[in-house]
Each structure stands twice: as C-alpha cells, then as structure tokens.
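The working numbering applies: residue 1252 is where the sequence shown begins, and numbers increase by one. C-beta atoms are modelled at their ideal positions from N, C-alpha and C, and glycine is treated no differently. Read through the structure below, which is laid out as structure tokens, and then see the notes.
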Amino acid sequence: KLNGGRHVIGILRGFDPFMNMVIDESIEECKDGTKNNIGMV
C-alpha cells in the first residue's frame, strides 16, 4: 500500500533506509477494481 491509498503488486528489487523502493513488473490496483500495468516503479 502506497501513499494516497494506492495498492501496487510486483517484484521488490530493492529499498533503502528511507523506504524508497524499486518495484519491477508493477500492477496498480485501482479503487474501482481495475488493474493498470505500470512497469518499474
């Protein structure tokens, strides 16, 4: 779960002490139930 109530599913590739994350093959799940492929975040 990210800021703004967003949900993202993907492969966690890395993170740092500030909780910055790199997520590969990401899919965002919207509140209306749709899913958007957003790639690397």
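Burial state of residue i (16 or more Cβ within 10 Å)
{"i": "I1289", "result": "exposed"}
{"i": "I1260", "result": "exposed"}
{"i": "I1262", "result": "exposed"}
Reduced DSSP secondary structure (H/G/I, E/B, other) of residue i
{"i": "G1261", "result": "strand"}
Endpoints, beta strand (DSSP E) assigned at residue i
{"i": "M1272", "result": "M1272 to E1280"}
{"i": "N1288", "result": "K1286 to G1290"}
Contacts around residue i, its chain only, beta-carbon distance under 6 Å, and the 5 residues preceding and following it disregarded
{"i": "M1291", "result": "D1275"}
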